[in-house]
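Here's the structure, in structure tokens; my notes come after.
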Amino acid sequence: MKIEEGYMPFHGFKTYYRIVGERTPGKAPLLLIHGGPGSSHNYFELLDDYAQTGRQLIMYDQVGCGKSSLPEDRSVYVKETWAEELVALRQYLHLDEVHMLGQSWGGMLEMLYLTNYSQRGVKSVMIDGSPASIKLWTQEQHRLISYLSYEDRAAIAEAERTGDFSGPKYLAANDRYMERYCWDDPDEQSPEPLRRPTNGKRASLIAEGPNEFTENGTISDFELTDQLHKIHVPVLVTNGTDDLCTPLIAKSVYDHIPGAQWHLFANSRHLALLDQHDEFISVLDHWLTTHDA
Numbered sequence: 001m002k003i004e005e006g007y008m009p010f011h012g013f014k015t016y017y018r019i020v021g022e023r024t025p026g027k028a029p030l031l032l033i034h035g036g037p038g039s040s041h042n043y044f045e046l047l048d049d050y051a052q053t054g055r056q057l058i059m060y061d062q063v064g065c066g067k068s069s070l071p072e073d074r075s076v077y078v079k080e081t082w083a084e085e086l087v088a089l090r091q092y093l094h095l096d097e098v099h100m101l102g103q104s105w106g107g108m109l110e111m112l113y114l115t116n117y118s119q120r121g122v123k124s125v126m127i128d129g130s131p132a133s134i135k136l137w138t139q140e141q142h143r144l145i146s147y148l149s150y151e152d153r154a155a156i157a158e159a160e161r162t163g164d165f166s167g168p169k170y171l172a173a174n175d176r177y178m179e180r181y182c183w184d185d186p187d188e189q190s191p192e193p194l195r196r197p198t199n200g201k202r203a204s205l206i207a208e209g210p211n212e213f214t215e216n217g218t219i220s221d222f223e224l225t226d227q228l229h230k231i232h233v234p235v236l237v238t239n240g241t242d243d244l245c246t247p248l249i250a251k252s253v254y255d256h257i258p259g260a261q262w263h264l265f266a267n268s269r270h271l272a273l274l275d276q277h278d279e280f281i282s283v284l285d286h287w288l289t290t291h292d293a
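Using full-length UniProt numbering, the first residue of the sequence shown is number 1, and each one after it goes up by one.
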């Protein structure tokens, strides 16, 4: 398969992109929008083989992540920067007609883009494990924490009370929480793309905060639930049963988008692409094929 890499100039920075496969008539490209803020395109490389179906895949690293520029200026790390970057990337790569898949924060970025920027040329959208409300997200994270051991609950509560997220008991508790609801720390058995650094710790800390349940960064006021009715492109909402994005969070998105569909991955955490790879590809392919016309 042909793989093309490049950089788009953006606001004095550089945005890395990676294109897998070639465009096929009748099959609009799929633009993949990674999570975080502070992750990278790396895990989307688990989809590379899907390009053999004739579906061109386009992935990129948001500014502050991966192979893109890593600005020192904290004011860069806001949702508007990443939304404007998405607008610019569609123009730069001539994605006049496109399907979009956003995972976690990537799905939030899709919702922001579709409600406040443009829906033109978007043939379909997959919102994978994403909240429309950070307030609901943090409420649900604390509910998930309640299922951890007493020791882990206590360590997390103490860290939240003091604002000190550096202690060994908290760090171990947060690791167990992430392993249960997100994904395992990469090791030598993990797929190679997951073992690569994302270079996004700074972006994550500034935009999100120290963890998934404190959320005191620049996106902590993210709230689009009451704007979702503006979305009039086909939308598939997905999440896992054991996901940071709980079924309640996914349902709150699904309920507010006209005509949306919802697929629940019965044995997945926050990355069904990893936990249930074959089913994820099957669901994705059926969705995209249905909405190519």
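Think of the CB as a built atom: it goes at the ideal place given N, C-alpha and C, for glycine as much as any other residue. What you are looking at is a predicted structure, and each value in this text was computed from that prediction instead of being measured.
Per-residue burial, residue i [other beta carbons within 10 Å of its own, 16 or more giving buried]
i    : result
Q62  : buried
I134 : buried
K201 : exposed
A159 : buried
Q56  : buried
R18  : buried
S124 : buried
P258 : exposed
R120 : exposed
T15  : buried
Terminal residues of the alpha helix (DSSP H) in which residue i lies
i    : result
W137 : 134 to 145
N174 : 168 to 181
Closest by C-alpha distance to residue i, when choosing among the options
i    : options                : result
E85  : P9, I257, R195, G200   : P9
I156 : Q139, L136, E140, Y177 : Y177
N199 : G106, S39, S282, V76   : S39
G66  : S149, I33, P197, P193  : P197
A203 : G36, R153, Y16, F13    : G36
L205 : G64, T290, F280        : G64
M100 : R120, M126, V78        : M126
E212 : S68, Y181, T238        : Y181
N239 : I231, S220, F280       : F280
D128 : H232, R143, Q261, N42  : Q261
S268 : W183, P193, R195, Q141 : W183
DSSP beta-bridge partners of residue i
i    : result
K14  : P9
E80  : DSSP, once it has assigned bridges, lists no residue as partnering E80.
F44  : Paired residues: none, contrary to the question.
F265 : G240
Inter-residue CB distance, residue i and residue j (contact presumed, cutoff 8 Å)
i    : j    : result
Y113 : A83  : 6 Å
A132 : L273 : Not quite, the Cβ-Cβ distance comes to about 21 Å (not below 8 Å), so this is no contact.
The ligand SAM heavy atom lying under 6 Å from the CB of residue i
i   : result
Q56 : What this structure holds is no ligand at all, so the ligand SAM is not there to describe.
Opening and closing residue of the beta strand (DSSP E) in which residue i lies
i    : result
D128 : 122 to 128
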